[in-house]
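Written out as structure tokens, the structure is:
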């Protein structure tokens, strides 16, 4: 080992520039990007690069039926 050599830090292998660019493309502002956990990031981008996995109309109909947006009026007698 050369004692005259300056210590070096290994360069990050994490793709920060690519992640920041993708966040910008999908509308995530920097302040929100830096608050995300890696699990949250993975969930956000898991489908963004694969357009074939977009929700189908049938999937949408099932989801709409499950989570009805109609306001139910309650009656009080």
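Numbering (the working numbering), first residue to last: 77 to 153. Backbone N, C-alpha and C fix where the C-beta goes; we use that ideal spot for every residue, glycine too.
Put residue 90 into one of helix, strand or coil per three-state DSSP.
-> Here residue 90 sits in coil by DSSP.
Own chain partners of residue 131 with C-beta closer than 8 angstroms, once the 5 adjacent residues on each side are dropped = Here the set comprises 139.
Buried or exposed by the 16-neighbour rule on C-beta atoms within 10 Å, applied to residue 102 | Label assigned to residue 102: exposed.
Distance between residue 141 and residue 134 (C-alpha atoms, nearest Å) | When rounded, the distance between both Cα atoms is 11 angstroms.
Could you say which of 143, 121, 144 and 146 lies nearest to residue 94 if we only look at CA atoms?
-> Residue nearest to residue 94 within the set 143, 121, 144 and 146 is 121 (criterion: CA-CA distance).
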